[in-house]
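K.L.:
Position 93, counted from 1, in the sequence shown is what the UniProt record's numbering calls 93; the numbers after and before it change by one each time, with no gaps.
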Amino acid sequence: LKLGSRNVGPGILVSPRQVISTAMSSERARPPTSIAGGKFDITKKLGAGCFGEVYRGHDTTTREEVAVKFEDTQVRSPQLEHEAEILRNLSGQKGVQGFVECFFYGQEGRFNCMVIELLGRSLEDRMQHCRGRFNVKSTVLVAEQCMRRIEYLHSKCIIHRDIKPEN
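Shown next, in the form of structure tokens:
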């Protein structure tokens, strides 16, 4: 979700501290340092969860910063390809705003990977900056934007399953 001109990522999107459903443990192989035939370089780990890892990277041509999500190909229930398909469908809709763009999805070695737009601080980070409380105006603004996007997802038969401030 985008909060005004700033970005706030819900569960199907990504903020630097967020991970979607992808399985990977710390004892497994490390993701590659470059993907998509060298189009994207991976620079820094941003976060990890029980289902995967997210890294900061950049487009080697444009130098634009991106987020790269990795999912082990051996995961029991892969989710990344489905997420990439949803994001591509959302970004292809005229007049639809507030969802990140998916630049690439593919397999690199033993990982499924997805490259998406890198978002700014999460709603959780913003709340911590305000000592855990938004004023009424900010609360209404965030709630309205969240509801609009959730309503849009539901109209497309998409159920978001991980709505929380850090996402």
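Even glycine gets a Cβ: it sits at the ideal position worked out from N, Cα and C.
Here the structure is a predicted model, which is why all the values come from computation and not from measurement.
Please tell me whether Val54 and Ala36 are closer than 8 Å, where the distance is taken between their beta carbons.
P.N.:
Here residue 54 is taken as the residue at index 54 of the sequence shown, counted from 1. Here residue 36 is taken as the residue at index 36 of the sequence shown, counted from 1. Contact: no.
K.L.:
Any contact of the segment 69 to 77 with the segment 100 to 115, i.e. 3+ C-beta pairs under 8 Å?
P.N.:
yes
K.L.:
Threshold first: 4 residues or longer. Then list the alpha helix (DSSP H) segments lying entirely within the UniProt domain "Protein kinase" (40 to 167), N to C.
P.N.:
80 to 91, 123 to 129, 136 to 155
K.L.:
By a C-beta neighbour count over all protein chains shown, 10 Å radius and 16 as the cutoff for buried, is Cys157 buried or exposed?
P.N.:
Locating residue 157 in the sequence shown gives position 157, where the first residue counts as 1. It is exposed - the Cβ of Cys157 has fewer than 16 other Cβ atoms within 10 Å.
K.L.:
Do Gly52 and residue 169 count as a contact pair if the criterion is CB distance below 8 Å?
P.N.:
The shown model of the chain, from 1 to 167, leaves out residue 169, and the question about it has no answer.
K.L.:
Are there 16 or more other CB atoms within 10 angstroms of the CB of Ile42, so buried, or fewer, so exposed?
P.N.:
Stepping through the sequence shown from its first residue, residue 42 is reached at position 42. That one is buried.
K.L.:
Which residues in the same chain have their Cβ closer than 7 Å to the Cβ of Glu65, if we skip the five residues on either side of it in sequence?
P.N.:
Sequence index remark: in the sequence shown, residue 65 carries index 65 (1-based). A distance below 7 Å between beta-carbons, with the five flanking residues on each side excluded, links Glu65 to the following residues of its chain, in chain order: Arg56, His58, Leu118.
K.L.:
State buried or exposed for Asn135, treating a residue as buried only when at least 16 other CB atoms are found within 10 Å of its CB.
P.N.:
Residue numbering aside, residue 135 sits at position 135 when the sequence shown is read from its first letter. With fewer than 16 other Cβ atoms within 10 Å, it is exposed.
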